[in-house]
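Letter by letter, the sequence shown follows residues 1 to 385 in full-length UniProt numbering.
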Amino acid sequence: MRLVFATKDLTLAGRSFEGFPLMIGSEGWPVGPAQTFLWQALIESGESLSDLTWEAYGRRLYDYFAFLDANGLAWDEESPAHGLSVLSRYRDWSSGELFLDPGTVNNRLALIVRFYRWAKQRGLITILPFGEKRVKAAPHQGLLTHVARPGAESTKVSVMVRDRKRPTKFLTKDQVKVCLAANTDSSHQILFHLMVRTGLRSCEARSFPLKYVFNPRLKKGLRSGQMISIALDPSDMHIKYDRPRTIDVPWSLMEDMWSYSLHQREIRKSQDNPSVTALLLTNEGQHYSKDSVVDVMKSYERKCGFYVRAHMLRHTYGTYTLLALRRSKDFEGEPLLYVRDRLGHSDVQTTMIYLHLINQLEAQSVLAHEDEIDMMFMASSTQQT
């Protein structure tokens with residue numbers, strides 16, 4: 001069994017479905033109902049889903065069916081108890097043998113649960129391989145408490161892994177300085193700067209278009225040193241949920257990207273693939289893939305001596321930008337809404353995680369000050385003795 005992604009040659013009714021996930025069995029045919037489910041979920045549903053969503057759905061469902069295929073199991077196999085189902089075996093294998101993160105396992109299970117519900121609705125199976133129960137949702141906290149519906153219920157699926165809330169990881173200012181001072185590839189440097197200084201996601205930074213880059217000194221209406229507003233369009237680059245937004249790019253970063261586009265990018269530009277629209281190119285002249293960005297972050301980790309991942313850079317931007325705006329006497333807007341819009345969050349509740357991180361930073365600052373005072377008293381008492 002293998003997973004491939006369609007080329008532009010896959011067309012229907014004049015529309016190309018390039019990038020659509022295709023699950024191919026050992027005999028060369030599409031994998032049964034799984035392929036039909038993907039088509040209906042991604043295409044026929046009418047939802048506006050990005051290529052990244054197509055890829056994620058394909059990889060998650062493929063991982064499950066590849067597990068079944070490797071172990072000689074059938075997806076519609078009935079079991080005497082939910083805990084003995086093939087889906088439970090897949091969950092236990094993912095968590096117990098592969099030691100995957102609970103969030104990763106649950107993301108995969110959520111799609112598989114959706115697949116089984118779809119199969120039951122169409123009469124392909126008579127019983128679901130997992131249990132369900134209705135539970136009361138936790139009361140909504142924060143800014144939107146007044147519009148939350150009290151006593152709302154949700155469905156809890158028994159097969160899910162218990163996922164404890166984990167602290168949001170970000171880099172300290174000192175760690176950012178270490179990363180910026182590291183001797184790294186020019187493309188890696190721009191990639192790092194884009195995420196930590198503008199809050200771009202990994203997929204957005206690696207697909208950031210060359211056409212958005214210009215010489216700020218020659219642009220009319222700009223003054224040296226100002227923030228430069230750039231409108232991100234999903235037709236130009238990968239954006240989560242295809243939701244357009246505007247980011248603010250520091251003047252110095254735009255200068256660096258302009259210089260990169262004139263020199264390093266020209267050297268790397270491949271004659272075999274001149275149509276690459278992304279600003280950042282690998283040594284082979286190709287755009288950066290999801291896996292290659294992971295490798296870039298791991299290279300920073302090796303050189304700097306501490307854990308570095310792409311999502312941490314985005315959290316770093318959100319935390320320190322919100323902190324700076326809240327302390328600024330010149331900013332007259334709402335800092336939380338500014339950060340929400342720059343990051344592209346659909347709900348301000350998501351952005352509020354940075355308030356907790358700010359409190360953590362300020363508490364650490366106070367405690368560090370107390371440590372300095374303690375050291376002073378310790379030093380003076382030592383001298384007296």
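For glycine and all other residues, C-beta sits at the position ideal for the given N, C-alpha and C. What you are looking at is a predicted structure, and each value in this text was computed from that prediction instead of being measured.
For Ile267, the three-state DSSP class (helix, strand or coil): helix
Segment contact, 8 Å Cβ cut-off, at least three pairs: the segment 281–301 with the segment 189–202: yes
Residues near Asp248 by beta carbon distance below 8 Å, same chain, minus five either side: Thr198, Met227, Ile228, Ser229, Ile230 and Arg342
Test item: CB-CB of Met352 and Leu337 under 8 Å: no
Close beta carbons around Ile358, own chain, < 8 Å, minus the five adjacent residues each side: Thr319, Leu322, Leu323 and Arg326
The segment 274–292 contacting the segment 155–163, beta-carbon criterion three pairs below 8 Å: no
The segment 232–252 in contact with the segment 261–273 per 3-pair CB rule at 8 Å: no
Inter-residue Cα distance where the pair is Thr184 and Arg206: 16 Å
Delimiting residues of the beta strand (DSSP E) encompassing Ser229: Ile228 to Leu232
Glu132 versus Asp92 - alpha carbon distance: 18 Å
Residue range of the unbroken alpha helix (DSSP H) whose run includes Glu153: Segment Glu153 to Val157 is the beta strand (DSSP E) holding Glu153; no alpha helix (DSSP H) there.
Pairwise C-alpha distance: Arg243 and Asp233: 8 Å
Uninterrupted alpha helix (DSSP H) stretches inside the segment 297–346 (no shorter than 4 residues): 310–327 and 335–343
Nearest candidate by alpha-carbon position, reference Glu204, set Leu313, Ser328, Tyr57 and Leu61: Leu313
Candidates Ile24, Phe170 and Cys304: closest to Ala182 by CA position: Cys304
CA-to-CA distance, Phe208 to Val113, given in whole angstroms: 35 Å
Range of the contiguous alpha helix (DSSP H) that encloses Phe65: Asp51 to Ala70
Close beta carbons around Val147, own chain, < 7 Å, minus the five adjacent residues each side: Because Val147 sits at a pLDDT of 48, beneath the cut-off of 50, its placement in the model cannot be relied upon, and the point is left open.
Anticipated Cβ contact below 8 Å, Leu109 with Pro33, distance rounded: Wrong, their Cβ atoms sit about 18 Å apart, outside the cutoff.
DSSP three-state assignment for Gly14, whether helix, strand or coil: coil
Test item: CB-CB of residue 430 and Val105 under 8 Å: Summary: the structure shown does not reach residue 430, with the chain confined to residues 1 through 385, and so no result is reported for it.
Neighbour-count burial assignment, Pro167, 16 or more Cβ in a 10 Å radius: exposed
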